[in-house]
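Engineer: Everything in the sequence shown is counted per the UniProt record's numbering, starting at 1 for the first residue and increasing by one.
Glycine included, C-beta positions come from ideal geometry on N, C-alpha and C.
Sharing a structure below in structure tokens format, with a few things to ask.
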Amino acid sequence: MTDAVAEQAAFSRKCAIIAAQAADEKKATDIMVQQVRELIGVTDYFVIVTAANSRQVDAIIDEIEDKLREDAGIKPSHREVSPDGSWSLLDYGNIVVHVFMPETREYYRLEALWNDAPTIDLAVEAGLTDLQYSDRIAKLLSQGR
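Below, the structure written as structure tokens:
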């Protein structure tokens, strides 16, 4: 791996962690960071979180966007919001952030599509120790470690 590639990989990981921390600040649950670079090749990380309602979806997306702009100097190249407010997406190229309401996350099960992807241990790398997980996500995370 060249120095430039290693630096880009480290930057992507840092951005994914910043996004996870920002989501946690807004009380998101089921926070997962999957390293999908080797599986899909178009992005390095998926950050997938759950919000209780559409207002919280908006608050989490806004917080992530603010923190990544402030702490990493990046802005999303694309922002998408479902008509009913049940999910939103921020595409930064190197990371893609998905924020779902519970029913929508359960329906799409995005994290299960890429279940071979390694996940970041957010307690170790991001200092997030009081994370809340649904039974399904907790089981998925325990299988990946």
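Quick check on the burial criterion: 16 or more other C-beta atoms within 10 angstroms. Buried or exposed for Thr119?
Structural biologist: Against the sequence shown, residue 119 aligns to sequence position 119. Per the 10 Å Cβ criterion, buried.
Engineer: Along the chain, where does the alpha helix (DSSP H) containing Tyr108 start, and where does it finish?
Structural biologist: Residue 108 sits at position 108 when you count from the first residue of the sequence shown. Note, Tyr108: alpha helix (DSSP H), 102–108.
Engineer: By the DSSP assignment, the alpha helix (DSSP H) with Ser54 in it spans what residues?
Structural biologist: Sequence index remark: in the sequence shown, residue 54 carries index 54 (1-based). Ser54 -> alpha helix (DSSP H) spans 54–72.
Engineer: Please classify Val49 as buried or exposed, where buried requires at least 16 other C-beta atoms within 10 Å of its C-beta.
Structural biologist: In the sequence shown, counting from the first residue as 1, residue 49 sits at position 49. Buried, since its Cβ has 16 or more Cβ neighbours within 10 Å.
Engineer: Express the C-alpha separation of Gln35 and Trp114 in angstroms, rounding to a whole number.
Structural biologist: Your numbering for residue 114 matches position 114 in the sequence shown. Your numbering for residue 35 matches position 35 in the sequence shown. Cα-Cα distance, rounded: 9 Å.
Engineer: Look at the Cβ atom of Asp24, then the Cβ atom of Ser134, and state whether they are nearer than 8 Å.
Structural biologist: Mapped onto the sequence shown, residue 24 falls at position 24. Mapped onto the sequence shown, residue 134 falls at position 134. Taking 8 Å as the Cβ cut-off, Asp24 and Ser134 do not qualify as a contacting pair.
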